[in-house]
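Chains as they are written, first to last, in the UniProt record's numbering: chain A, 1 to 321; chain B, 1 to 321; chain C, 1 to 321; chain D, 1 to 321; chain E, 1 to 321; chain F, 1 to 321.
Beta carbons are placed, not taken as given, at the ideal position from N, Cα and C, and that holds for glycine.
In what follows, a single structure is set out as C-alpha cells and then discussed.
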C-alpha cells in the first residue's frame, strides 16, 4: 500500500491509509450534533481532521498515539488544508511501517549527537570541556535533548528540533566568533550549547508538544540555570576541583540574558559581548527558521504572497520559481 | 561636643564636627584645579561634600570609612544641600561616639528578627515551617539579611531596609490574605519572605550600597531561586524528607514572578492568585515608601510641591501642615 | 419542582425548568435559517441559549425579563457551557419562586449599607463625616449604589458588586492606612468611598449591564467629580458652612487619579500619598477579584490550567485540589 | 533713552537700561560664592540674568515685578543668550515707559474679545448662543481669559495666548467644518471655545506662568467641566429653561476628549466626529505654533538647522533666507 | 426593471436583479459541502454574497467583472448585511444599464481634474508651476490618478478617492496656509499634491483594490520619491533648466515625512513647518473621512452607537436625528 | 620629536606636540570670561581641549583642519580624558609627519576595495555582477565610499568605516547564507553591499562627521534607493539590456527594509527571507561593534564595569584580564 505522506496531500484528494492519532476531542456543533476533531500525523507532519456524525463509541474506539486506518478526503477550510474522515479504525502497530510515522529522525539525532561531541570535545578551555563532558555523560539528559523540540509552535517545533537549533548556533558561533577577537569564542559556543537546554524540562516530551507546569511557572531560562547549577555541582564533586566562579557567572549570564530584552523574558539585559552576540545569532537563526515555516505552511492558492500572518504582522514573499 | 546630625543641618550653617567618610574622589575642575568630592555620613544620613584647592597629599590623608573631623559650612547647590569642607582631619575611632555613626540600627534589626521568627514559626504548614527554620538556622545568611538594604536608591535603601520591607510585606499578607479565602495565606506569606532575599547577594553589604558582579549579571530573582534550591536541598538532606515538588514550584514561581511584568524583570507573569497578590502588595509598599522618600528628601524651599522628579514623572504634594 | 441553578448545570444535562430571559436576538445562520440567540439567567448566573428553527412568532412570544419555561439540554461549545432550547414558553411571575431569580441579593446589600453607615459614621473628621451623611441622605443615590455593578465584565460585574468593592476597599484602607503614619487614613477611606461612585451613572442599572451614553462619553471619573461637586454644594447649602477648599481638592484628586496612569484613563497621575495608596489598593482588589472570576468561569475540562485568556495575556493555575 | 528690546539684543552687547524683574534667586556656586540668578523681562520677551559677587543686601534691594535699571552685557552660554548684570537698581514705575514692559497687549486682547463676541454672537443655535452670552457676561472670567496664557512653556505661553489660540481654533473650525456636512460646525466651534477654558484656573495669572494647586491636581480638562457645569446651571437659573441634556453631553465630551488619546490626559477617546475634528485642529495649531517657537528661540549661530530639541526629538529646518 | 442599489437594500428583502461580480471563491464548509463566496457590486457599493450547494460548473459559469443576474434575498449575519443567492446567471453587458454599475464617477473625476489644473496652474512659483505641468502633461499618469483609490480599506477606498483626497488637502492647505505667514503656502500645497501619488503604483487599479508587489515591498512613499525624481528629470530635459536643488529636497521631504512618525512608515520625521502642517492636515482629513465611513457602514440595528470597531479602539456616536 | 598618539595619552600627562584642530568654538563662561573649546585629533583618535583665558585674536590664529603645536596637560573631567591647552600655535603642514594625522588609512581602504572587487566580481548572477561593475566603475562614488564613515557616532564612526562594515557584512552573508538553502546568497550579499551606500550622501565627508541637509531630510535609505535607480538606469543605457524588474524590486526592498522595523526608520518591514537575514546580520555586526566602542572609550578608572551608558540602557562588563 502506498501512503501519501501528509506533506504531499493536495486539496480535494481522497485517501484510504494509515495515520497516527496525535490528538482527539469529541465536540458538539451549534445544532447539538457530535463530531470528532482530531490531529493526524505521520513522519512528514500533522493535519487536522474532522469526523462528522460521530458518537461516544466511535470516539472511544481509539486513543491518542494509536495508529488508525482512515478513509476520507482533503479540503481547504479557512485557508488551511484539513481532512474529512468518513471512517476510522484502530490498527495494530504490527500492520504499519513504523518509519513512515516516526517524526523523530533517530539517525539524524545520532549524527547531531556526534557533532555535539566533536564541538564540545574540541574546546581548549579545560573547564568548559570538562563541563561539556558532564553534560554528555548524563545519558538521560542526552536522550531527552535528542528528542526535544525547541518550541510548541514557531521555529524548530518538532522532536529533535532543539538539538538541531543548538548545533546550528554553535557552528555559527564558531564561524563568526573569530571575526571579533575581543570576544571569547569558546565561551560564546558554550553559551549556545546551554542557552535553550531548559526547554527539555519546559516542554513535555511525549505526543503533542506542550508546556509542563514547571515550564509554565518558571520558564526555560530559570530551569536552565537550575540545571547548570546541578551540573557544575556534580562536576565539582566528581573532579574535586572548583569550577572558576567568574566563568560560572559568565555562563549563567549567557543563559539569563539570551532573549536580549526584558520584555522577551530575560530578567537581565546582555552585558558581555558574548551575551550580546549570542542573543543576535540566536535571533537570526530563529527568525529565518520561523519565517521559512510560515512560507512552507502557507496555503494561499496563488500569487507571490503568503496570507497575512498576525504574529509577525506581515505577509511574506513566497519566492517560488 | 554636640554634633548636629546630618539630617538636621540647615542651609548656611557652619560646623566643626566629626563625620564618617563614605566615599572620596580627587577631581579636576575645568580650569585644572584639584578638589576632593566626598560623601560624608552619620547615623542619620549621607551628604555630599566638596573641598576646594585640595591636593594628593590631603586626599591620601584619610580613607573611606575613616572618621574625620571637618570644618566647613553648608549650602544649597542645584536644590540639594551639600557641605563645603575647609579642613579635614582623620580621627581615631576611640575619639568618636560610635552610636552617632552607625547607620545600621542593631536593636531594630534584632526586633525584626524576633518578629520574623514569630511569623515563620507560626506557620501551620509543616513544610513551610521547616523550610523557614532552615533559613533561620543559617546564621551567616541571617546576619546578612539583617544588615542588607533593599535597594541602591529608591525605597528601603539603607542597611536593615530589606528586613524591614520583608516583615512589612509578611504582615500585610497576613492581614489581607484571609479576605480572599481562595488564596493560601501561608504560601503568600512565605512568598513575601522569599521574594527579595536574593538582594543579599545582589547588593554589596559594606560602605556605599552597590551592585555586585553577580547582582549585575543575574539579578536578585535568579539569585533568589539559587538560594531557595540550596536551602531546600539542605532541608531534604537534614530531614531525609522530600519537600513536596508542587509546593517548591509554587515558591519558586512567587520569587520568579513578583515583579509582575516581563519588562520589570520577571521572566514569567504571575499565574497563581498568590503570585498576583504578592506582586501588588509588594508594589503598594514599595511605591508608598519610595514616594515618601522623595517627599522627605526634597529641598524645594517653599510651597506645597516637591521639585519635579524625573524617575516618577511628577511633582508630589508635600502635605506639610 | 426542583430547579438546577445555572451555576450547577453540567455538560450534557437535560432540563425542564424556568429561567429569566435576560436578552434575545433573532438571527440568521449562513444558510438563511432563523434561530434565537438568548441569554438565560437565574440568581446564580447567566448562560447563553440557542433555539434552532425558530421563527418571528416564537421570537415575539416572550420579552426580555420575562420568566420562561424551557426544555432542552446543555453542551459545551468552544469551551463554554451553553444550552440548546427545544421549547420555550412564557410564564406568569406568580408561577415562579422569585428568590431563585433575583440576582441582586437585597439582604446582603442591606448588610453592606449598614457597614457603610458604620464606616462613614465612624470618621472623626467632621467635614468628611458631614459629607458622608449628605451622600447617605440621598435615598435615590443610595438605592442605586446598592444595586449597581462595578463593571460590565471583569471584576464585580453583578448587581451589588459596586458596593461590595467599595466596602472592601474602605476596610483595607482602614487596615493598611495606619501602617503609614505619613498618610491620612480617613482621607484615604473617603477616597475609597468616592472613587467609583460615578459608575452609578456610567452603567445602566436594569437588565444587562451596559454603558449609558453619558458613561460612554464622559466616564465614571468625570461623572464622579460632577456628583461630588453637587453633593458638596448641597452640603454647604444645608449647613451654611464652607467645605474646606483644600479638602475638596484632595477628594477630587483621589477620584481623578485613582486609575494610576494616564493610559488607564486618569487625566492626572496620583500626586498625594493617599492617591498613590488608593490606586494600588484598588488595583490589588480588582486584580485578585478579576483573576478569581477567570478561574471560576473557566471550563477547560481537565488539568491545572485555565484556557489562555487574551485579556490578561496568560493561563492561570486553577489550584483545584 | 533708547531701550533695546530683549528680543533685539545680540551677543556681546553692552547695555544700560531698564528691565522688569520677573524672578530672582540668591544662589551659591560650588566655591561657596553668592550670585543672583534672575529673569528680566520686557514687552518683547524674557532673558536670564546673572549677577556675580552678590550678597543678601543687594538681593533684597528689589522684588519680583519691580522695574530695575541694569548695567551689563550679553553673552551666549550653552547656546542661550543671557545677560551678565554688573549693577542693578530699583526704579520707580513713574520713571519708565510702561508700554515697553507690558507683555500683555491689551489692545490686541480687546480686538480678540470683539472677535469672540462676533463668533459666539453669530451662532444660530439658540442654546449655544445663550450659553455663549452667559460666558461673555461673566466679567471676571472674561478678564482672566483675556490675560491668560495657554501654557507654561511650549505653544502660546504668554499672557493673552489662550484667547489667541481659542480664536484661531474657532475660525479654523468655521472654515473647515462646512467641508464635512456630516458634522455640526456650530457645535465644533463651541467646542473650540470651551476646550482650554479650564486653563484659566489651571495656570496662575500673575508673574511667571505656573501651575496652581488645582491645576496640578485636577488639570484643565476636569476644571473646564466644572466651569461648564456652573455656567449651564447659571444659564438655567437665569432663563428658567432647561439646557438640552444631549447638547450638554456633547459639549462636555468635546472638552473631555480633546487631547485625543488617554496617554495625553483625555479620560475618554473622541467618539463624535466633532470631537475627532476638534482634537486634530487643536493639534495642528498647537504643533505649528510650538515648532515656530522652537525655531524663533533657537540660537544656533549658523547653518540651516536649529539645535537638537529633545522634547520634539529632532532638529528643525530654520528656513531663513 | 427597477434595480435597488446595494446601498438601499434592507434586511430580509428579496430581489431579482443584476450585479457585477467583483470577486468569487469556491469554498468548502466544515461538512465538506461546496458554496460560492462572492462579492457583488454596483455603483453604490459592494456586498458579500453566498450561494449554497454550488458546484464547479456553476462556479465556472461566470468570471470576475462579469454582470450577473441574481435571485435571492438579504439577511444580516454577524452584524453585516449580506445576500443569499439562489440563482446566478451571466448577462451580456448590452443587457445592463452601465451607469448603474460604474463605481468610478467619470464626471466627478473630470471636475476634480479641472480643479487640479486650476490649483496647480494658479501657483506663482515658476518651478512648482512647471513641475505641475509636467505631471499634468503625463496623460497615462493623470488617467490613473483619476481612477485610483487612496486605500484598500479605511478612508477614500474607492476609484477616484485618491484625487478626491488630494484636492481636499490642497484646498485646505490653501485655506489654512496663509494663517501662518512663516510657512510657504505654495510649497505646502504642492506637497499635498505629491504626498500620496505613489499610491497609483502601490495599489492595483482594476477590480478589487489590492497591493501590487511593488506596493507591498516599497510602499507609496518610496514609490512617490521615484516618481518625483523621474518627473524632475523629465522637466529638466524638456526645459534645459535645473530644478532648484533645495526646492527638490523640500518636496522630497514633504513626501518622505508625511506620515508624521517613524512607526507609521515615514523614514524621517517632519523637520520643516510645511511638513509638520501637511502631516496634520492629512491626518485631519483622513481621520474624519475614515470615521465617517465607520459610521456609514455600521449596521448595529438601534441605538446611538456603532458596534465596537477594533481598528479604532472605540464605538462611535452615530449622530442620527 | 616623539609624539604620543592621542589614544595613548594618560591622565595628568604634560605634552608639547602637534595635533590637528578638528573643531573650535569661542565660548564664554558664567563669569563672562572667554575660552576656546576645541577638538584635537590625530590618526589614533580625537580629544576635547580647553584653552582658558583666550581672546578673539588667539581664536582667529588657526582654523579647523590646521595643524597646531600645543603645550598643555591632560586631565579627567566628568569621567572623560581631556586636555588643558596653555599655548597653541599654527604649524605649516611641511613641519609635521602627515601619517601621524591621517585618520583615513588609505592602504587599508585599498585592501578593502580589492576585497570588494573580488566579492562582487565573484558573483555568478550576471545581472548582479554587471550592476556591481557599474558601481565599481563610478570612480567618484568609489573614492567617497572608501573614505566614508558609517555613522556620526556609535559604530564604525571613522573615515573608511562604511566600507569596513560593508565588507564585513558581505563576508558574513557569504558564510551564513549557504546554511539556509531557501535563501539566495548572492542576492543577500548584494543587499549587504547596497544597504548603507546612501550614507555616502547622508553624512558629510570632510572634517567632523555630520549630517548633510539631504541626509537630515531624506535619510540614507531613500538616498540609497535614488542611487540604485540611477545606477540601474546607467547600466541599462550602457548595456542596452533591461535589468530584470523583479530583481530590481528585491534589491530595492533589501535597502528599504534593512532597519527591520518601522520605528527604526524602515518604511517597510522585511518580507523576503533575504531581507530578514540582512537585517539581523547587520544588527549583529552593528551591535557588537558599537558595544565594543563603548567598552574601549570607557574611562571608569577601575572595576569590571563601564559607566552606565544611557543610550544602551546598561553598564557593560569590560572583560579586562
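The three-state reading of DSSP puts residue 294 of chain F in helix, counting H, G and I together.
For residue 69 of chain D, there is no enclosing alpha helix (DSSP H); the enclosing beta strand (DSSP E) covers residues 67-77. Listed along chain E, no residue sits closer than 9 angstroms to residue 82 of chain C by beta-carbon distance, the nearest being about 17 angstroms off. Per DSSP, the beta-bridge partners of residue 42 of chain F are F/45.
The beta carbon of residue 77 of chain C sits closer than 8 angstroms to some beta carbon of chain A. Pairing residue 28 of chain B with residue 88 of chain F gives a Cβ-Cβ distance that is not under 8 angstroms. Distance between residue 151 of chain C and residue 199 of chain D, taken at the CA atoms: about 32 angstroms. Think of a sphere of 7 angstroms around the beta carbon of residue 55 of chain E: no beta carbon from chain A falls inside it, the nearest being about 13 angstroms out. Beta-bridge partners of residue 81 of chain C (DSSP): C/76. The alpha-carbon of residue 8 of chain B is positioned some 54 angstroms away from that of residue 249 of chain D. Among the bridge pairs identified by DSSP, residue 87 of chain E is matched with E/71. Nearest CB-CB separation between residue 280 of chain F and chain A: below the 8 angstroms threshold. Interface criterion met: the Cβ of residue 315 of chain B is under 8 angstroms from a Cβ in chain D. The Cβ of residue 240 of chain A sits no closer than 8 angstroms to any Cβ of chain E. At the C-beta level, residue 254 of chain C and residue 275 of chain C come within 8 angstroms of one another.
Against chain E, the CB of residue 216 of chain F has a partner CB under 8 angstroms away; the residue lies at that interface. Among the residues facing chain A, residue 32 of chain E is included, as its CB has a counterpart in that chain under 8 angstroms away. Beta-bridge annotation (DSSP): residue 282 of chain C is not paired with any residue.
In the structure shown, the three-state DSSP call for residue 276 of chain F is helix. At a C-beta separation below 9 angstroms, residue 187 of chain F has no neighbours in chain E, since its nearest C-beta there lies roughly 13 angstroms away.
Under DSSP, residue 21 of chain E takes part in a beta bridge, and its partners are E/40. Looking at B/53, B/81 and B/117, the one whose alpha-carbon comes closest to that of residue 189 of chain B is B/117. The shortest C-alpha to C-alpha distance from residue 103 of chain D to any of D/157, D/55, D/229 and D/82 is the one to D/157. Under the DSSP assignment, residue 121 of chain F falls in the alpha helix (DSSP H) whose first and last residues are 106-121. Listed in chain order, the alpha helix (DSSP H) elements of length 4 or more contained wholly in the UniProt domain "HD/PDEase" (158-296) of chain E are 161-176, 185-194, 199-202, 213-239, 245-257 and 273-296.
The alpha-carbon separation between residue 162 of chain E and residue 168 of chain E amounts to approximately 10 angstroms. Residue state for residue 153 of chain F is assigned as coil, using DSSP reduced to three classes. A direct Cα-Cα distance of roughly 28 angstroms separates residue 230 of chain D from residue 148 of chain C.
Across the structure, residue 182 of chain F and residue 155 of chain F are spaced so that their CA atoms are roughly 31 angstroms apart.
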